[in-house]
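K.L.:
Count along the sequence shown starting at 1, add 11, and that's the number in the numbering used here.
Even for Gly, the Cβ is constructed at its ideal location relative to N, Cα and C.
Keep in mind it's a predicted model, so treat the numbers as computed, not measured.
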Amino acid sequence: MTATTTKKPFFSAKQASPLRLADSVSDAIAAALFDGRIQPGEPLPPEGEIAREFGVSKPIAREALRQLTAAGLIFTQQGKVARAKAISGEPMERIYGYAVRSSLKSLQEANEMRRVIETGIARLAAERRDPEGLKTMTQAIEDMKTSLLDPAGFTEADILFHLGLAMATGNTMIRVQMEGLRSVQREVSELFSRRSNRTDADWRQTIKRHEEILDAISAGDADLAEAKIKSHFKAADIASLEVADKLEGRRQ
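#1: Please name the residue or residues paired with ALA39 in a DSSP beta bridge.
#2: Any chance the segment 97-113 sits against the segment 183-191, with 3 or more Cβ pairs inside 8 angstroms?
#3: So, GLY175 versus THR147, is the Cβ gap smaller than 8 angstroms?
#4: Skipping 5 residues on each side, what residues in its chain have a beta carbon closer than 7 angstroms to that of PRO51?
#5: If you draw a straight line from the C-alpha of LYS91 to the C-alpha of ARG105, how long is it?
#6: Should ALA163 and ALA236 be called a contact, given that it needs their Cβ atoms to be closer than 8 angstroms?
#7: Which whole-angstrom value describes the C-beta separation of ILE240 and GLU129, a residue pair presumed to lie in contact below a C-beta threshold of 8 angstroms?
#8: Using the beta-carbon count (16 or more within 10 Å), is MET178 buried or exposed?
#9: Helix, strand or coil: how does DSSP classify ARG73 here?
#10: Please state if the CB of GLU198 and the CB of LEU118 are separated by a distance shorter than 8 angstroms.
#11: Where does GLU167 land, buried or exposed, given buried means 16+ other C-beta within 10 angstroms?
#12: Under three-state DSSP, which class holds ILE128?
#13: Alpha carbons only, please: which of SER35, THR80, ARG77 and LEU44 is nearest the one belonging to GLU64?
#14: So, is LEU159 buried or exposed, given that buried needs 16 or more other C-beta atoms within 10 angstroms?
#15: In chain order, what residues of the same chain have a beta carbon less than 8 angstroms from the beta carbon of SER251, not counting five sequence neighbours either side?
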């Protein structure tokens, strides 16, 4: 008699609750993505194999994969197995992008959210000082200096700086959150970079504020890092009359 080979479950799956079958399946697969059992670009098991492992029907397995695709965790192509995507803030970035372009109030609220979030991030960055984050922030400042009077280039450098700020915490979830806020950063930075009265001195002062944030974080001074990020947001307050007028004009 031939011995039966027992295959180790891929997802360490538990029996799915009948009340939320697809949710249970997608939760277990997402856990495998987040803890590294499935690396970005790697294929997931075929739909039928997923269904068998979880003890559900193929339509339930298909719905779980649709949920993961919508969340930006996997990508699928017709006739091919699903593959894992690198964890990123892309889905949030799209949502925030729709929101901040919808009204001045939404943009103000989003920027207020950034102020609250990044204050805490600056403190943690000063405590952790992840080298890759500090390197990214330094590169961003150099990019700013070479992009003076170039709104598009300066905006991308600004976005890179704040991503580096998040990376300096060494916290993946904070990095993902900052990636999600890129659409908010881009909208605000582009508006301020294109102000009609922005002078060369104004551009350089913006760079100086970023340098002061980096210096405080590099020194491990959490209190100073928090103070500098607050000062930065105060200087870039989108409630200014000129920016508000420009926003309203764009939405009419």
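P.N.:
According to the structure data:
#1: According to DSSP, which records beta bridges pairwise, ALA39 is partnered with nothing at all.
#2: Yes, the segment 97-113 is in contact with the segment 183-191.
#3: The answer is yes: Cβ separation under 8 angstroms.
#4: The answer, listed in chain order, is ALA95, LYS96 and ALA97.
#5: Those two C-alpha atoms are separated by around 26 angstroms.
#6: Cβ distance not < 8 angstroms, so ALA163 and ALA236 don't count as in contact.
#7: Confirmed, Cβ separation roughly 6 angstroms.
#8: If you draw a 10 Å sphere on the C-beta of MET178, you find 16 or more other C-beta atoms in it, and that means buried.
#9: Look at ARG73 here: in three-state DSSP terms it is helix.
#10: GLU198 is positioned such that its CB atom lies closer than 8 angstroms to that of LEU118.
#11: Under this definition GLU167 is a buried residue.
#12: Helix, per DSSP.
#13: Of the candidates SER35, THR80, ARG77 and LEU44, the one whose C-alpha sits nearest the C-alpha of GLU64 is SER35.
#14: Per the 10 Å Cβ criterion, exposed.
#15: Interpretation of SER251 is limited by its pLDDT of 48, a score under 50 that renders its predicted location unreliable; the figure taken from the coordinates is listed afterwards. Result list for SER251: empty, nothing under 8 angstroms.
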